[in-house]
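Chain order of the listed sequences is C and W. Just add 54 to the spot in the first sequence (first one is 1) and you have my numbering. Just add 1249 to the spot in the second sequence (first one is 1) and you have my numbering. Think of the CB as a built atom: it goes at the ideal place given N, C-alpha and C, for glycine as much as any other residue. Notes follow the structure.
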Amino acid sequence: MASQADSTSIELLRVGEPLAPLVVSMTTYKGVRYLDIRRYYFDKTSKTTKPTPKGVALKEDEFLSVIGFLSGEFAELKKLFTNNLVPEEMNTRAHRKESLARNKIKNDVADMHATYEKWRGPNFFMADISKKKIELKFNDQNKVIAQIKQDELSGSEVLERLLHSYALAKKSIDSPTKITPEATLDYLEVAWNNFLR
Amino acid sequence: MGVKPFASGQAFESLRDSDFDSCSALGEVIDNSIQADAENIRINFDLRGRDTIDRVTFVDDGHGMSKDILQNCLRMGWSSRYNDRTGIGRFGVGMTLGAIHECRRVDVYSKVDGGEWSHTYLDLDEIADADYRDIDWEIPAPTKKAPDAEAGAIKNLPKDHGTVVIWSKYDRNRDKPAVLIEEFRSWLGRTFRYFIWNESLDGGKTPLRKNGLNIFLNGQEIKTIDPLYIRPEKSEFPDDPKSTEYDEMVWDWPISDPVLAESLGSDSAKIRVRLSILPEVWRDTKGMGGKADAKKRGIDLNEGFSFLRHGREVGYDWIPHFRFMSEEKDRFWGCEIHFEPILDRAFVVKNIKRGAVPTPELKKLIGEQIGPWIYRQRELISEHWNNKANAPKPGEKDPTGGGGHRRSEKIAEKAGVPAKVDPAIDPAKAQDEAAEFAGKGKSDEVALWKAKFQSQPFTIGEMGWPGSTFVDIHYMGGSDALFYNNRHKFFEVLSSIKSEIKKGENLETNSERLTVLIDMLLIAYAKSESTLNTTDGLTTADAIDHLKNNWGQFLKTYIATWQEEYDDGISS
Chain C
55 MASQADSTSI ELLRVGEPLA PLVVSMTTYK GVRYLDIRRY YFDKTSKTTK
105 PTPKGVALKE DEFLSVIGFL SGEFAELKKL FTNNLVPEEM NTRAHRKESL
155 ARNKIKNDVA DMHATYEKWR GPNFFMADIS KKKIELKFND QNKVIAQIKQ
205 DELSGSEVLE RLLHSYALAK KSIDSPTKIT PEATLDYLEV AWNNFLR
Chain W
1250 MGVKPFASGQ AFESLRDSDF DSCSALGEVI DNSIQADAEN IRINFDLRGR
1300 DTIDRVTFVD DGHGMSKDIL QNCLRMGWSS RYNDRTGIGR FGVGMTLGAI
1350 HECRRVDVYS KVDGGEWSHT YLDLDEIADA DYRDIDWEIP APTKKAPDAE
1400 AGAIKNLPKD HGTVVIWSKY DRNRDKPAVL IEEFRSWLGR TFRYFIWNES
1450 LDGGKTPLRK NGLNIFLNGQ EIKTIDPLYI RPEKSEFPDD PKSTEYDEMV
1500 WDWPISDPVL AESLGSDSAK IRVRLSILPE VWRDTKGMGG KADAKKRGID
1550 LNEGFSFLRH GREVGYDWIP HFRFMSEEKD RFWGCEIHFE PILDRAFVVK
1600 NIKRGAVPTP ELKKLIGEQI GPWIYRQREL ISEHWNNKAN APKPGEKDPT
1650 GGGGHRRSEK IAEKAGVPAK VDPAIDPAKA QDEAAEFAGK GKSDEVALWK
1700 AKFQSQPFTI GEMGWPGSTF VDIHYMGGSD ALFYNNRHKF FEVLSSIKSE
1750 IKKGENLETN SERLTVLIDM LLIAYAKSES TLNTTDGLTT ADAIDHLKNN
1800 WGQFLKTYIA TWQEEYDDGI SS
């Protein structure tokens, strides 16, 4: 069996859904280089994506033959996906295209506008996501936010305090409860504010 | 020997029960006139007595039909624009299917520029008779005949070119004619509003058509009905205040048919979403949408999304199985979703152009993108109602609360519970701060609050603020103030219970609800107290903050669960 030192991999392209992407990489195994095209899956334990057996590792000569064929016949091959679709194929294709379009719109980064205000609520920030431009408000009633506003903390201190309080807040939420995702987010915001001090 | 695929008479009789309603059936003729670039469309209902429609006449000054087109215009499935995705037509069934949904005979007269009037017709009685005799009935070849030759005088007959459609043998009166005519008047004003305004569909300056459109129903000009309330100028009430319009959303959506996509050179098309909220004057208090003035403006019917296909409204309703249910407040905002016919599949547009139901993915997208906006509008509407309900009456010096709160304040004053005053608090500064908070910076309200703080040891006020705290306490060195967050579910539910009790409704249920509400309040407190940990090393102030914050949050969750699981009738 080859040791890990026998094998290296450089990722070149990742497409498709983040939790089940298709990854193109240049791998080396026992001194031979391959162009590897492979489906990955999300491993819940390590919280990373890992390769599945579904894929192919092309040797240099195989790669050149396949890519030569694909580029020469690109237009005709493209048509194979759309020619004479039966209604079921048409519906499935439409559903997938719509799903991709929805995800693209969802993931478009919205513009943001941030201001400092004072309110007596239990949250150190509020984000109005109902508008095209997200309006983010920071509550300078919170001592740490007031310090940030006055530039009394360095960038690393701000980051450390935010992440530390976030970790404590996350820890404080009872795990498997019946509360809705919306309420969980509310709890997290309240607890985050409580620990940011 | 072969047989005909269907018996025409019976087939036509079956087709009469298509999914039109009367307005959308009548509207098919208007669509054709618009496609023919008509600038003026006149519709007249002739009645026989009060309860019977004798005939409906449609007159337009569009470019008219050549004899060839005229002969075919009543053929089911034939269209000079079949599958055309640039205008509001496409299917080639509307002219006949719409007519036979309502009546048994349709006559069409048309004249092109420089030509003469020609006529053809379709008559279900003649088709049935031919069927009975087992002979084929054919749509007659157009003959030279002016519309007023047989049909009697036609008002405003165009001189140069145009089309006249007459529906007679009207046998599908569902409502009294007067009811249908009024319903049709509103329907025309809504459905064709963009054509009457001649407004650009891409947000630019290119008008929708070369010229605007005028529609007259029984001689009266149709006024627009705009669910966004941003263009009152051609409505019945041109001087009405306008809504506030929000940023438009534009989405690229895939064209599902690859053949169409290739012919267009693009695999996606734009969906535009326009959003607005009505001026406060039309949503000032709860229940206002049902008042006479609001009804005249169609606000009482305004609950949902308006789908516009190339500027023509094809659907207006709540989206079936949307991510949440509609509620009363939804009549006070407007949402238009614009798309071009190239995206018909994504909106499941039927050949009768009635109703639009987004595909599941599109429905999800609408929920994700517009849902938070709808929630926000509901909050703003509630907040305005609550502020209005708590505002001082004219001449009243009390800035908020009133009624029960005043009594509670007096009790607090009389009870003389000993108070420990924190010497670190500067009473004047603390009162200024609290008054500023309560008066939202408005100088007259701030002054009223200050006067109130100074006149009594304990003040109770109601106002709305975001977040899950439901009470806010201001310690002001001896005169304290307690503010209720009327945006919190607790007070929304309390207000709903109070309102029903005042009207004498559901007394027994509401008495039970009050018990549950008080239980929820105390359970949430107990739960919040239990989360405080003595080993956390919190200062007293921080511990109080934690207790208060969690109390509000837990209370919100408990009440939401109560509403969802046990009492969905209780609402704000």
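| Item | Value |
| --- | --- |
| Among the candidates R1434/W, T1806/W, S1744/W and L1513/W, whose CA atom is the shortest distance from the CA of K1535/W? | S1744/W |
| Can you grab the Cα-Cα spacing for the pair K101/C / Y94/C, in whole Å? | 13 Å |
| In chain order, what residues of the same chain lie with their CB nearer than 7 Å to the CB of T1718/W, ignoring the 5 residues before and after it? | N1734, K1797, N1798 and G1801 |
| Between the beta-carbon of E152/C and the beta-carbon of L1319/W, is there less than 8 Å? | no |
| Are any of the Cβ atoms in chain W nearer than 8 Å to that of E214/C? | no |
| Residues in its own chain within less than 7 Å of A1661/W by CB, not counting five upstream and five downstream? | P1706 and F1707 |
| Output the boundary residues of the alpha helix (DSSP H) element that contains G122/C. | E114 to G126 |
| Our contact map puts L1731/W next to I1767/W with C-beta atoms below 8 Å; I'd like the distance itself, whole angstroms only. | With a Cβ gap of about 17 Å, L1731/W and I1767/W do not count as contacting. |
| Closer than 7 Å by beta-carbon distance: list the chain C residues that pair up with M1498/W, in chain order. | K186 |
| According to a CB-to-CB cut-off of less than 8 Å, which residues of the segment 1525-1553 of chain W neighbour chain C? | none |
| At which residues does the alpha helix (DSSP H) containing N1735/W begin and terminate? | Where N1735/W is concerned, there is no enclosing alpha helix (DSSP H), given that its DSSP letter is neither H nor E. |
| For Q1626/W and D240/C, what's the separation of their Cα atoms in angstroms? | 19 Å |
| Roughly how many angstroms lie between the CA atoms of L1527/W and R1561/W, to the nearest whole one? | 22 Å |
| Mind checking D97/C: buried by the 16 CB within 10 Å criterion, or exposed? | exposed |
| Just to confirm before moving on: does the CB-CB distance between I1349/W and F1261/W stay below 8 Å? | yes |
| At the level of alpha carbons, what is the spacing between L1406/W and V1308/W? | 7 Å |
| For chain C, check one thing: does any of its Cβ atoms lie closer than 8 Å to the Cβ of Q1703/W? | no |
| Do we get a CB-CB distance below 8 Å when we pair Y1733/W with the residues of chain C? | no |
| Between H1587/W and chain C, is the shortest Cβ-Cβ distance under 8 Å, so that the two count as touching? | no |
| Between which residues of its own chain and F1702/W is the CB-CB distance below 8 Å, once the five residues before and five after are set aside? | Q1680, A1683, A1684, T1708, M1725, S1728 and A1730 |
| Apart from the five residues just before and just after D1397/W, which ones in its own chain have a Cβ nearer than 6 Å to its Cβ? | I1403 |
| CA-CA distance, P141/C and G1553/W? | 32 Å |
| Could you pull out every residue in the same chain whose Cβ sits closer than 8 Å to the Cβ of T1345/W, ignoring the five residues on either side in sequence? | L1323, R1324, M1325, V1355 and L1371 |
| Give me the Cβ distance between D1588/W and I1520/W, rounded to the nearest whole Å; I'm assuming they're in contact under 8 Å. | One detail in the question is off: residue 1588/W reads as Phe in this sequence, not Asp. Yes, F1588/W and I1520/W are in contact; Cβ-Cβ is about 5 Å, under 8 Å. |
| Would you mind working out which of K1578/W, I1586/W and R1558/W sits nearest I1568/W, comparing C-alpha positions? | I1586/W |
| Can you find a C-beta in chain C that's less than 8 Å from the C-beta of S1505/W? | yes |
| For F1588/W, report the span of its beta strand (DSSP E) as first-last. | W1582 to F1588 |
| Residues bridged to V1305/W by DSSP? | F1294/W and W1416/W |
| Closest to D1374/W by C-alpha separation, out of L1557/W, R1353/W and D1593/W, would be which residue? | R1353/W |
| Less than 8 Å between CB atoms is the rule here; does H1737/W satisfy it with respect to chain C? | no |
| Run down chain C in chain order and give the residues with a C-beta less than 7 Å from the C-beta of K1613/W. | R156 |
| In whole angstroms, what separates the C-alpha of F1340/W from that of L1264/W? | Low confidence applies to F1340/W: its pLDDT is 49, below 50, so where it sits in the model is not reliable, and the reading given next is rough at best. Roughly 15 Å separates the two Cα atoms. |
| To which residues of the same chain is I1772/W closer than 7 Å at the C-beta, ignoring the five residues directly before and after it? | Y1807 |
| Interface residues of chain W around Y241/C at Cβ under 7 Å? | Q1802 |
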